[in-house]
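Peer 1: After the structure tokens below, expect a handful of questions from me.
There are 6 protein chains.
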Amino acid sequence: MKYIQDLREGDIIRNEIYLCKTKQTLTGKSGKNYVSLILQDKTGTIDGKIWDFNNEIEQYEAMDFVHIDARVTSFQDALQLNISRIYKSREGEYYPEDYFPTTNKNVEEMYREIKNIIVAIKEPNLKALAEHFFINDTEFVKAFKKHSAAKSVHHGFMGGLLEHTLSVVRLCEYFSSTYPIINRDLLITAALFHDIGKMEELSSFPENDYTDDGQLLGHIFIGTNKVSNYINKAGKFPAKLANELLHCILAHHGELEYGSPKKPATIEAMALHHADNADAKLQTMTELLSSGDPKIEWMGYQRMFESNIMRSTKSKE
Amino acid sequence: MKYIQDLREGDIIRNEIYLCKTKQTLTGKSGKNYVSLILQDKTGTIDGKIWDFNNEIEQYEAMDFVHIDARVTSFQDALQLNISRIYKSREGEYYPEDYFPTTNKNVEEMYREIKNIIVAIKEPNLKALAEHFFINDTEFVKAFKKHSAAKSVHHGFMGGLLEHTLSVVRLCEYFSSTYPIINRDLLITAALFHDIGKMEELSSFPENDYTDDGQLLGHIFIGTNKVSNYINKAGKFPAKLANELLHCILAHHGELEYGSPKKPATIEAMALHHADNADAKLQTMTELLSSGDPKIEWMGYQRMFESNIMRSTKSKE
Amino acid sequence: MKYIQDLREGDIIRNEIYLCKTKQTLTGKSGKNYVSLILQDKTGTIDGKIWDFNNEIEQYEAMDFVHIDARVTSFQDALQLNISRIYKSREGEYYPEDYFPTTNKNVEEMYREIKNIIVAIKEPNLKALAEHFFINDTEFVKAFKKHSAAKSVHHGFMGGLLEHTLSVVRLCEYFSSTYPIINRDLLITAALFHDIGKMEELSSFPENDYTDDGQLLGHIFIGTNKVSNYINKAGKFPAKLANELLHCILAHHGELEYGSPKKPATIEAMALHHADNADAKLQTMTELLSSGDPKIEWMGYQRMFESNIMRSTKSKE
Amino acid sequence: MKYIQDLREGDIIRNEIYLCKTKQTLTGKSGKNYVSLILQDKTGTIDGKIWDFNNEIEQYEAMDFVHIDARVTSFQDALQLNISRIYKSREGEYYPEDYFPTTNKNVEEMYREIKNIIVAIKEPNLKALAEHFFINDTEFVKAFKKHSAAKSVHHGFMGGLLEHTLSVVRLCEYFSSTYPIINRDLLITAALFHDIGKMEELSSFPENDYTDDGQLLGHIFIGTNKVSNYINKAGKFPAKLANELLHCILAHHGELEYGSPKKPATIEAMALHHADNADAKLQTMTELLSSGDPKIEWMGYQRMFESNIMRSTKSKE
Amino acid sequence: MKYIQDLREGDIIRNEIYLCKTKQTLTGKSGKNYVSLILQDKTGTIDGKIWDFNNEIEQYEAMDFVHIDARVTSFQDALQLNISRIYKSREGEYYPEDYFPTTNKNVEEMYREIKNIIVAIKEPNLKALAEHFFINDTEFVKAFKKHSAAKSVHHGFMGGLLEHTLSVVRLCEYFSSTYPIINRDLLITAALFHDIGKMEELSSFPENDYTDDGQLLGHIFIGTNKVSNYINKAGKFPAKLANELLHCILAHHGELEYGSPKKPATIEAMALHHADNADAKLQTMTELLSSGDPKIEWMGYQRMFESNIMRSTKSKE
Amino acid sequence: MKYIQDLREGDIIRNEIYLCKTKQTLTGKSGKNYVSLILQDKTGTIDGKIWDFNNEIEQYEAMDFVHIDARVTSFQDALQLNISRIYKSREGEYYPEDYFPTTNKNVEEMYREIKNIIVAIKEPNLKALAEHFFINDTEFVKAFKKHSAAKSVHHGFMGGLLEHTLSVVRLCEYFSSTYPIINRDLLITAALFHDIGKMEELSSFPENDYTDDGQLLGHIFIGTNKVSNYINKAGKFPAKLANELLHCILAHHGELEYGSPKKPATIEAMALHHADNADAKLQTMTELLSSGDPKIEWMGYQRMFESNIMRSTKSKE
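This is the structure we're talking about:
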């Protein structure tokens with residue numbers, strides 16, 4: 001694949017696939033109509049122009065992936081593509097991770113680990129619940145694997161929700177073994193479901209932006225409500241256990257002022273909150289420290305941390 | 001009815017009905033078993049003793065209402081009932097309001113006003129929703145009429161939830177006419193449902209105490225979840241309107257630190273919050289000012305108001 | 001009247017009245033002096049130039065209303081008025097509401113309602129106080145009718161103070177009837193006076209900006225002090241009632257951190273605070289929702305509400 | 001004078017003067033009436049009984065000072081006075097400082113210093129204002145000298161208001177010389193008046209408790225209002241200077257949440273706030289460290305300082 | 001060993017060892033002197049009396065462990081020991097854990113793990129620092145093993161500091177492997193030292209109470225200062241690394257209002273804070289849930305968690 | 001000296017000394033190398049160009065002071081120096097105060113006052129400590145005299161630390177005489193040392209910016225640590241007095257959220273906090289009011305004071 005950041009004036013591209021971010025039909029000074037696109041991959045965006053409608057050999061819309069033949073030209077100091085052939089690409093012909101920020105971990109491996117963890121749940125109701133969503137509901141699994149965990153902040157990339165969920169689940173495993181009074185099955189299940197509300201709070205890529213539901217209801221309510229609905233239908237779920245599970249999801253932000261309508265009242269809710277918070281903060285730090293010029297030690301004031309952040313001495317290898 | 005506070009040593013009572021709050025079988029010093037009860041009406045409580053099990057002419061349990069024949073005796077400076085006959089009362093034989101604090105407004109009149117308000121809702125989905133719960137679901141209606149709106153604070157009495165709901169609905173009507181940009185049907189419906197979560201957060205009388213669900217999930221989640229469930233089943237409810245309604249219920253405490261996971265984002269949510277808050281505060285004030293010695297002007301520091309509260313000059317009639 | 005926003009190059013205007021916002025005498029490149037004005041009406045502003053001082057046929061100053069004859073010309077992409085005749089207008093020749101943002105309610109009708117409310121006050125001292133300012137003091141009445149209730153936020157227009165005061169008074173009437181323990185006369189009087197300090201905190205139109213007093217003392221002190229002064233002079237005002245009235249005004253912001261030096265300690269002070277707060281918030285919402293493009297649902301983060309605000313579904317007519 | 005703490009069973013006292021804190025007529029078991037008093041001096045309180053009404057040789061009431069002849073007896077482990085003669089004392093026959101906590105500084109010397117400071121004020125309007133209250137108004141001066149500055153906390157004793165005021169004035173003098181940009185006359189005058197509202201917020205001794213005005217309006221409003229009234233009457237006081245003075249008094253608590261409706265906006269208001277605050281805290285510390293057993297180093301958690309307070313190493317003399 | 005809680009009237013004990021908490025010589029009504037002790041083991045305390053000084057066969061003081069022969073008698077409903085023989089015990093003759101609350105983990109095993117972790121540190125300066133204190137300084141090691149990590153709250157028992165430190169170190173290991181950008185050696189070293197200031201903030205058992213240093217300086221300053229002193233002497237420690245290490249210790253409470261004078265500015269400081277916080281909260285929860293009647297689900301409002309805490313459903317074994 | 005703000009096109013300067021802020025060697029369009037400097041004095045900065053390397057008659061670096069011969073030319077609307085001769089200046093040839101903002105008080109006089117205050121300390125350990133740093137350690141004294149007390153805010157100029165320290169010491173003297181319970185020697189010593197940590201928190205001029213230590217550890221820890229180190233070495237310093245002194249420095253910000261890890265627990269710590277705070281605020285006000293156009297009364301919202309600040313009426317001379 002030829003990345004947009006590597007295009008140079010005069011290049012000829014054949015059959016490259018880009019995401020068509022926007023599409024407009026405009027009228028030139030001569031009175032003739034033409035099509036103007038913005039094309040995107042994960043390295044940037046470029047304008048595309050189609051002067052002859054015959055070049056559109058098949059229907060496509062904004063937000064479609066498109067096959068393109070074009071020449072790279074320059075106009076007013078910016079590059080653009082003079083497109084001679086364009087048509088819609090089909091799923092499977094491209095890797096979405098070439099077009100959006102994407103987890104650099106292996107999605108299938110992470111998902112396999114999630115499945116193994118579910119297999120190890122002993123309490124049958126919790127296990128059934130986890131299996132229902134994370135194993136049997138293929139639509140859910142497919143969406144879950146691709147979703148981000150944020151619009152920006154931490155894990156704001158494809159697969160980010162899976163990566164964050166796994167990280168929280170693992171830390172919850174750690175807590176379960178360190179503090180044996182914890183009900184492992186309850187905590188692990190709560191960790192699996194704690195952020196699934198984000199699948200409705202945020203639209204999926206390429207948009208990855210707050211939905212109306214998201215802004216009006218928030219992922220904490222949406223997620224708890226979703227699990228509650230399943231439990232209601234499942235019917236025979238023990239009521240006390242159900243409430244404890246819902247409580248964990250509801251309380252996982254830890255403080256009312258962070259959007260949890262209840263403070264943690266059980267050790268599992270407390271543990272989930274600490275696991276979620278630690279991963280959020282340390283991953284944000286990791287993303288921040290991986291950005292910018294590694295020689296500049298002080299990275300400026302970071303609102304989330306209420307501090308100027310410094311790159312510390314690296315470990316010697 | 002002979003109220004407990006009016007009983008005097010030597011009185012003979014016949015066929016009086018009291019609530020049996022607790023029931024224990026104990027062993028006396030002589031080795032003989034007897035039954036010890038605590039009996040309650042809205043004026044207080046009294047111990048009851050049954051020395052001869054034959055006096056229990058019919059099965060009854062703690063929290064049952066019971067018919068009692070007894071003589072009032074005195075033991076260690078306290079009165080007690082020497083019970084000669086006891087059996088369970090049936091619903092309809094007593095007025096619950098004689099046994100618990102109860103609204104001093106007319107429950108049926110208040111309910112009629114609620115029904116009339118529902119009749120006036122024009123938006124068909126909102127109307128159907130309100131009718132489903134407040135008119136057609138007779139179990140719900142029966143429970144709603146009897147529930148309190150609090151364990152203590154304001155409206156902590158039978159019928160309190162109905163009284164508070166009506167008061168908030170009326171103030172929302174007022175706001176709808178004053179600020180015409182408000183969607184009246186949406187606001188009125190939200191007001192009707194805003195505290196129904198309390199029907200699960202608090203157990204009904206005689207207990208009127210926080211339930212496990214209540215403590216773990218809170219009435220804001222419970223109520224929003226309940227309405228959400230209905231809407232999911234109803235199916236054809238417009239999604240945007242549904243979210244706006246759920247948002248109103250979710251946001252009605254106005255601030256995250258008061259347990260709303262979202263701040264009001266629409267004028268209806270804002271209006272509902274102000275109506276709820278004003279009724280809560282002014283009713284609490286009313287209950288406070290109606291208590292104690294009317295000659296004592298300063299009522300002491302009240303945590304809810306962060307102030308010493310004063311009885312102000314009365315209106316001249 | 002020809003509004004500034006409707007002027008086009010080449011238009012000739014005769015005898016139009018505008019507000020002269022600023023006036024400067026400048027020296028042109030040729031060394032000749034000329035006068036440069038900024039003229040304003042409620043639709044916008046335009047530059048005016050007077051090249052010949054003889055065109056000023058009568059004295060006028062900045063902040064005066066002026067009669068103007070002029071031709072609309074264009075200079076560096078902006079329109080300006082080439083003024084051939086200008087003189088000061090007299091009060092009565094123009095409607096101030098054409099030049100500043102103005103309430104869209106009927107001022108005289110609102111004032112009539114205020115008067116009727118005062119007539120209904122029974123307590124003679126409170127009635128005399130209200131009559132003194134709102135009926136007998138014609139200077140006060142005139143200023144009160146024209147004042148705004150804010151520099152920007154809510155009711156920041158001519159007549160805004162009257163509109164807000166009436167709205168709060170009405171809500172206080174509502175509260176008085178709903179919570180009969182409230183001393184209606186006391187509450188209504190407090191509502192009438194609660195924001196009169198704004199008449200000194202903010203200068204009147206065309207300025208409508210914070211005065212020195214306003215910034216140093218604030219409308220809460222200024223208003224309470226004004227009522228206190230009257231009561232001191234009136235002499236026979238019952239001391240307890242006077243303190244309660246002053247307390248209501250002093251405490252109407254509800255919280256120390258919002259500038260009330262005392263928290264509400266009486267039910268009337270509490271009711272006034274809730275009425276003021278509800279009108280402030282719902283009117284701000286109304287003004288916000290009435291602005292901008294009605295098709296854009298989300299209006300962006302609003303600091304006053306600490307939330308992104310959404311236009312909700314409109315009522316069906 | 002024989003102090004109450006020094007009375008012993010069997011002592012005979014003649015013509016001692018105590019404060020009669022309370023007075024009740026009671027009926028003994030024999031059916032005979034008697035009078036029961038609580039008598040007080042600065043060292044404590046003692047019960048007094050008058051078995052024969054003839055012993056009351058002259059009318060007196062609770063809160064009067066009384067001459068007493070009595071024998072000290074013991075009843076149920078407590079001492080009491082068997083009073084054989086009692087009559088009201090006249091002002092001048094006793095020193096109030098023997099009966100209430102009183103400044104240990106010389107009142108007249110402190111007052112003389114206040115007067116000298118006023119003499120040194122150059123700005124004629126401020127000087128006239130200060131003279132009006134602190135020199136010419138003898139009623140005011142008399143009350144000012146006797147008042148406390150608090151119910152409990154710091155300077156809660158007779159002469160405390162004078163002592164605190166002088167201390168703040170002196171520190172303001174210090175600030176004026178250190179930061180020459182300060183308007184000394186303005187600051188000194190503001191310091192003189194900053195707490196005069198306490199003369200109405202707190203009743204005078206022997207009560208020294210919050211008045212109704214005090215609770216409803218607070219000393220900040222009361223004091224500012226009083227100065228404002230004088231200025232309004234004085235008439236020719238420069239408006240800007242007047243507002244600056246009132247602002248200093250209004251803002252002297254420094255923060256809205258401490259009851260100042262405005263934050264300091266001038267250097268004089270800022271300086272007054274710091275002087276008031278420093279004296280309040282260091283005097284509270286002084287009173288605290290002067291109490292209790294000097295050998296106990298740690299004095300326990302003090303809410304005002306949010307800390308356990310320690311006696312530090314004493315200076316070597 | 002015969003525990004104090006198991007003593008019964010009439011028991012004879014021989015050669016039991018208890019901690020002598022207090023020791024006083026008193027004079028009986030007959031004028032004869034006797035010694036009164038309070039004796040303690042981990043199950044409670046009991047009074048001891050020595051009527052004949054000859055029974056003290058060897059010198060001992062309060063806070064010594066003592067060998068005792070005695071008979072258990074009863075006086076005014078409480079048991080006491082009539083001691084016939086008493087002398088001081090020597091270290092090694094008793095297990096301190098029988099007399100104070102003690103970790104239920106194996107101290108030597110925990111310490112071994114600490115040593116292994118230090119061995120794995122690669123950075124030579126950090127390693128030398130850790131070895132200096134935790135391996136070479138035997139006095140330090142001995143004290144460290146016995147110290148508690150709190151007066152009450154979590155880990156308030158002998159060995160508690162070691163247990164908490166190890167728990168935090170382990171969680172930091174976990175974080176280092178999960179977020180590879182972390183400098184493991186730096187984080188592990190910071191974790192080892194983060195609470196060593198508590199060894200001076202709290203006196204050791206049997207007192208285990210705040211010292212003067214502790215109250216005036218706090219363990220955060222004390223610990224950072226101690227490490228800083230070593231580094232200053234060590235001399236060749238890289239300055240940047242030293243500051244980063246000190247920063248971690250200084251910032252480990254995470255927020256200024258929790259006593260850290262700096263917020264975490266590096267990922268290691270952030271990680272240490274989260275590890276410390278999670279262990280503190282989950283261990284407190286563990287200690288709480290291990291107390292009280294396991295059948296009572298709701299444990300009441302816990303200030304540290306700002307919530308009523310519930311025992312959740314136990315895992316099925 | 002010819003100040004930079006007074007240079008005009010065409011001026012010839014000879015042997016003027018400026019600070020060389022930056023120095024770069026660049027390549028011109030013709031391919032020839034030249035040197036580009038930024039030169040600074042306290043009135044501003046100017047570009048300097050050296051087209052011929054022979055003009056550099058002696059080695060110099062950025063941050064050196066340099067002698068310059070040059071002609072003032074104009075390039076693209078800005079002045080620059082065409083330098084014909086440049087070499088490094090030696091200390092003593094220039095006055096640093098001509099190049100940086102500098103106290104307008106006499107440094108040597110201020111220092112003399114500091115020395116006199118130290119002479120008056122009676123407690124020998126405190127005196128020795130103060131003498132060690134402020135009299136005997138000439139390096140320390142030299143640096144102390146030149147340091148600023150802030151990057152911007154108050155006393156952000158050469159000599160600012162000395163000026164602020166003296167001001168705080170004086171106010172502490174005042175407090176010591178007003179509240180005799182204060183240990184004067186302890187308080188004065190604490191005042192002397194309270195901000196010495198700034199000498200490492202901020203680099204010295206010309207940089208005057210936060211150092212790494214400063215950002216990671218802060219001046220409160222650094223200063224307390226420095227004094228603690230001396231005391232440890234001094235050895236015989238009484239432990240209680242030492243802790244009290246360290247506590248004063250540690251607690252001088254008064255609140256945890258302002259970076260003090262402990263709240264003041266002694267009257268000396270409290271007094272130091274108030275002295276520091278008052279000087280900080282009143283000096284900031286002084287600097288603010290000395291800036292800008294004296295005719296503009298309102299100076300705009302100032303974050304530090306959370307208020308719009310006004311110039312008040314000046315004293316009449």
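Chains as they are written, first to last, in the UniProt record's numbering: chain P, 1 to 317; chain A, 1 to 317; chain V, 1 to 317; chain B, 1 to 317; chain C, 1 to 317; chain E, 1 to 317.
The C-beta atom is built at its ideal place from N, Cα and C for all residues, glycine as well.
What residues in its chain sit with their C-beta under 6 Å from that of K127 of chain V, if we drop five residues either side in the sequence?
Peer 2: Along the third sequence, one-based indexing puts residue 127 of chain V at 127. For K127 of chain V, where only same-chain residues beyond five positions count, the Cβ hits under 6 Å are I121.
Peer 1: Roughly how many angstroms separate the alpha carbons of K88 of chain V and I17 of chain V, rounded to a whole number?
Peer 2: The residue given as residue 88 of chain V occupies position 88 in the third sequence. The residue given as residue 17 of chain V occupies position 17 in the third sequence. Taking the straight line from one Cα to the other gives about 9 Å.
Peer 1: Could you check how far apart the C-beta atoms of Q80 of chain A and D47 of chain A are, in whole angstroms? I think they sit under 8 Å.
Peer 2: Here the question's residue 80 of chain A lines up with position 80 in the second sequence. Here the question's residue 47 of chain A lines up with position 47 in the second sequence. Yes, Q80 of chain A and D47 of chain A are in contact; Cβ-Cβ is about 4 Å, under 8 Å.
Peer 1: Answer yes if the region 241 to 257 of chain C comes into contact with the region 232 to 250 of chain P, meaning at least three C-beta pairs across the two stretches below 8 Å, and no otherwise.
Peer 2: No contact exists between the region 232 to 250 of chain P and the region 241 to 257 of chain C.
Peer 1: Should residue 384 of chain C be labelled buried (16 or more other beta-carbon atoms within 10 Å of its own) or exposed?
Peer 2: Nothing in the structure corresponds to residue 384 of chain C, since chain C is present only between 1 and 317.
Peer 1: Between the region 202 to 214 of chain V and chain B, which residues of the former have CB atoms less than 8 Å from a CB of the latter, in chain order?
Peer 2: Taking 8 Å as the Cβ-Cβ cut-off against chain B, the residues of the region 202 to 214 of chain V that qualify are D212, D213.
Peer 1: Tell me where the alpha helix (DSSP H) around D213 of chain C begins and ends.
Peer 2: Numbered from 1 along the fifth sequence, position 213 holds the residue referred to as residue 213 of chain C. Segment 212 to 234, the alpha helix (DSSP H) holding D213 of chain C.
Peer 1: Nearest CA to the CA of D209 of chain C: which residue from C:I50, C:D293, C:T165, C:K151?
Peer 2: In the fifth sequence, residue 209 of chain C corresponds to position 209, counting from 1. Measuring from the Cα of D209 of chain C, the nearest candidate turns out to be C:K151.
Peer 1: Count the other CB atoms within 10 Å of the CB of T27 of chain A; is the residue buried (16 or more) or exposed (fewer)?
Peer 2: As a working mapping, residue 27 of chain A is identified with position 27 in the second sequence. By the 10 Å Cβ count, T27 of chain A comes out exposed.
Peer 1: Thinking C-alpha only, which one of C:E108, C:K145, C:H132 is nearest I118 of chain C?
Peer 2: Reading the fifth sequence from its first residue, position 118 is the one you call residue 118 of chain C. Considering only alpha carbons, the answer is C:H132.
Peer 1: So for S315 of chain C, helix, strand or coil by DSSP?
Peer 2: Sequence index remark: in the fifth sequence, residue 315 of chain C carries index 315 (1-based). Here S315 of chain C sits in coil by DSSP.
Peer 1: Any beta-carbon of chain A closer than 7 Å to the one on S315 of chain P?
Peer 2: For the purposes of this step, residue 315 of chain P is taken as the residue at position 315 of the first sequence. So, not an interface residue.
Peer 1: Taking just the CA atoms, how far does S228 of chain C sit from K314 of chain P?
Peer 2: Counting from 1 along the first sequence, the entry for residue 314 of chain P is found at position 314. Counting from 1 along the fifth sequence, the entry for residue 228 of chain C is found at position 228. Approximately 21 Å, taken between the alpha carbons.
Peer 1: So does the region 4 to 22 of chain E actually touch the region 139 to 151 of chain P, counting three or more Cβ pairs closer than 8 Å?
Peer 2: No, the region 4 to 22 of chain E is not in contact with the region 139 to 151 of chain P.
Peer 1: Say whether chain B places a C-beta atom closer than 7 Å to the C-beta of S307 of chain E.
Peer 2: Here residue 307 of chain E refers to the residue found at position 307 of the sixth sequence. S307 of chain E counts as touching chain B.
Peer 1: What residue range is occupied by the uninterrupted beta strand (DSSP E) comprising R170 of chain B?
Peer 2: The residue labelled residue 170 of chain B in the question sits at position 170 within the fourth sequence. Per DSSP, R170 of chain B belongs to no beta strand (DSSP E); it is in the alpha helix (DSSP H), 160 to 178.
Peer 1: Using the rule of at least 16 other Cβ atoms within 10 Å of the residue's Cβ for burial, across every protein chain shown, is S176 of chain A buried or exposed?
Peer 2: As a working note, residue 176 of chain A is residue 176 in the second sequence. Answer is buried; the Cβ neighbour count reaches 16.
Peer 1: Let me check understanding here. Comparing Cα to Cα, which of E:A280, E:D98, E:S307, E:L19 lies closest to H154 of chain E?
Peer 2: Within the sixth sequence, numbered from 1, the residue matching residue 154 of chain E stands at position 154. Nearest of E:A280, E:D98, E:S307, E:L19 to H154 of chain E, Cα basis: E:A280.
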